[in-house]
Amino acid sequence: MEILRVENLSFSAGEKTILENVSFSLEKGQLMAICGPNGAGKSCLLRILKGLQRPKEGRIFIEGEDCTRKEKTRLLKTGLVFQDADVQTIGETVERDISFGPENLRLSKEEVRKATEHVMEFFDLQPFRKRGPETLSGGERRKLVIAGVLAMDPEIVMLDEPFANLDYRGVQTVLKAIVKLRESGKTVLLVSHEVEKFLALCDSTLIINGGRTVFSGSSEEAVSHFKENGILQPRGAFKDLSYLEEES
Ligand SMILES: Nc1ncnc2c1ncn2[C@@H]1O[C@H](COP(=O)(O)OP(=O)(O)OP(=O)(O)O)[C@@H](O)[C@H]1O
Ligand SMILES: [Mg+2]
209 MEILRVENLS
219 FSAGEKTILE
229 NVSFSLEKGQ
239 LMAICGPNGA
249 GKSCLLRILK
259 GLQRPKEGRI
269 FIEGEDCTRK
279 EKTRLLKTGL
289 VFQDADVQTI
299 GETVERDISF
309 GPENLRLSKE
319 EVRKATEHVM
329 EFFDLQPFRK
339 RGPETLSGGE
349 RRKLVIAGVL
359 AMDPEIVMLD
369 EPFANLDYRG
379 VQTVLKAIVK
389 LRESGKTVLL
399 VSHEVEKFLA
409 LCDSTLIING
419 GRTVFSGSSE
429 EAVSHFKENG
439 ILQPRGAFKD
449 LSYLEEES
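See the structure below:
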């Protein structure tokens, strides 16, 4: 089933065109990579999908429904982990932080508690429940932010550069969380130029450069378009993800 379809999306800030005719579609339960050099328009695309910005032209369909002018629907159906995810924690403790999202959705106390417990268990965050988010490591904190977004149970989870500033262990932690998310049936949009870390996991890849779609298709085919679009080409066996199995 097609969960998301974007048609000829364009966006500009003042005179500057930031996105131009971006089109792609995504099946439910799939993981899509969005790559492109700095300034390509990746974060802008996610902000529009999330409903934080209005496209100038084009249409956005979620589960077949035209949501182009329905920012509220997009806010509910999509979850966004921001590029600067560390500023996304607001609670005094891990537990409180996760429960903010579901509380804002005006769920009952019991529903908030259930959603919070569920994602804490899902991401093995229970040992941290009473700790302040600022006391977590970078990788743990990134996982907390993903958990916070997931607690609102969005259909589509969007992650903007989730590996930035993380060491090997941190990347492993976050990548395992993404794999688990996908296994649970969520549709995931992953923006990152660190393609060697996750490309083998992706069902499809979208490359944008200068605000335009330059490629949309299989991840295998995407590889040959990386170099000309300023993305570091994965060396050799980028399909080898055995490091994910290693103990952390
Ligand atoms: N509100 C705005 N006003 C003016 N320019 C903007 C605005 N929002 C984004 N831009 C510009 O649009 C371009 C795309 O920005 P965006 O943040 O989407 O890039 P990106 O692909 O996420 O890059 P990076 O890999 O560095 O995160 C940039 O040149 C940015 O400066
Ligand atoms: Mg960005």
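Taking this note's numbering, I'd label the letters of the sequence shown as residues 209 to 456. Idealized CB from N, CA, C, for every residue including glycine.
* **Inter-residue spacing [alpha-carbon to alpha-carbon] between T324 and R349** => Straight-line measurement puts the Cα of R349 at about 16 Å from the Cα of T324.
* Just to confirm, are L212 and S218 a CB contact at a threshold of 9 Å? -> No; because the gap between Cβ atoms is not below 9 Å, this pair is not in contact.
* To do: Output the residue ranges of the alpha helix (DSSP H) runs that lie fully inside the segment 267-333 and measure 4 residues or longer, sorted by chain position.
  => List check, alpha helix (DSSP H) in window: 279-285, 302-312 and 317-330.
* Cβ distance (whole Å) where V398 is taken to contact L283 below 8 Å -> Here residue 398 is Leu; the residue named in the question, Val, does not match the sequence. The pair is not a contact, with the Cβ atoms about 20 Å apart (cut-off 8 Å).
* To do: Grab the span of the alpha helix (DSSP H) containing L257 for me, first residue to last.
  => Segment K250 to K258, the alpha helix (DSSP H) holding L257.
* To do: May I ask you to list the residues that DSSP assigns as paired with A221?
  => In DSSP, A221 forms a bridge with K224.
* Which word fits L440, buried or exposed, when buried means at least 16 other C-beta atoms lie within 10 angstroms of its C-beta? -> It counts as exposed.
* Asked: For R337 versus V387, is the C-beta spacing smaller than 9 Å?
  -> No; because the gap between Cβ atoms is not below 9 Å, this pair is not in contact.
* **Where the beta strand (DSSP E) through R339 begins and ends** => Segment: none, R339 is in no beta strand (DSSP E) and carries neither H nor E.
* How close, in whole Å, do the beta carbons of T413 and A241 come, if the pair is a contact with beta carbons under 8 Å? -> At roughly 4 Å, the Cβ-Cβ gap stays under 8 Å, so T413 and A241 are in contact.
* With a cut-off of 7 Å, give the chain-ordered residues whose Cβ is closer than this to any heavy atom of ligand 2. => Ordered along the chain, the selected set is K250, S251, Q291, D368, E369 and V399.
* To do: Compute every distance between the C-beta of H401 and the non-hydrogen atoms of ligand 1, then say whether any falls below 8 Å.
  => H401 Cβ: within cutoff of ligand 1.
* May I ask you to report which of helix, strand or coil DSSP gives G425? => Looking at G425 - three-state DSSP - the assignment turns out to be strand.
* Asked: For V327, which residues from the same chain have a beta carbon less than 7 Å from its beta carbon, with the 5 sequence-adjacent residues on both sides left out?
  -> Counting only Cβ-Cβ distances below 7 Å, and skipping sequence neighbours, we find I306, A355, L358 and A359.
* **Reduced DSSP category for G438 - H, G, I as helix; E, B as strand; rest coil** => The answer is coil: DSSP assigns G438 none of H, G, I, E or B.
* Any Cβ of chain B within less than 9 Å of the Cβ of V399? -> Protein chains in the displayed structure number just one, and chain B is not present.
* Asked: Can you tell me whether A221 is buried or exposed, with buried defined as 16 or more other CB within 10 angstroms of its CB?
  -> The Cβ neighbour count for A221, taken over all protein chains shown within 10 Å, is under 16; the residue is labelled exposed.
* Asked: Roughly how many angstroms lie between the CA atoms of T286 and G247, to the nearest whole one?
  -> In a straight line, the C-alpha of T286 is about 23 Å away from that of G247.
* Does at least one heavy atom of ligand 1 sit under 8 Å from the Cβ of A241? -> The answer is no for A241.
* To do: Could you tell me whether the segment 256-274 touches the segment 370-380, where touching means 3 or more Cβ pairs closer than 8 Å?
  => Taking 8 Å as the limit for Cβ pairs, the verdict is that the segment 370-380 does not touch the segment 256-274.
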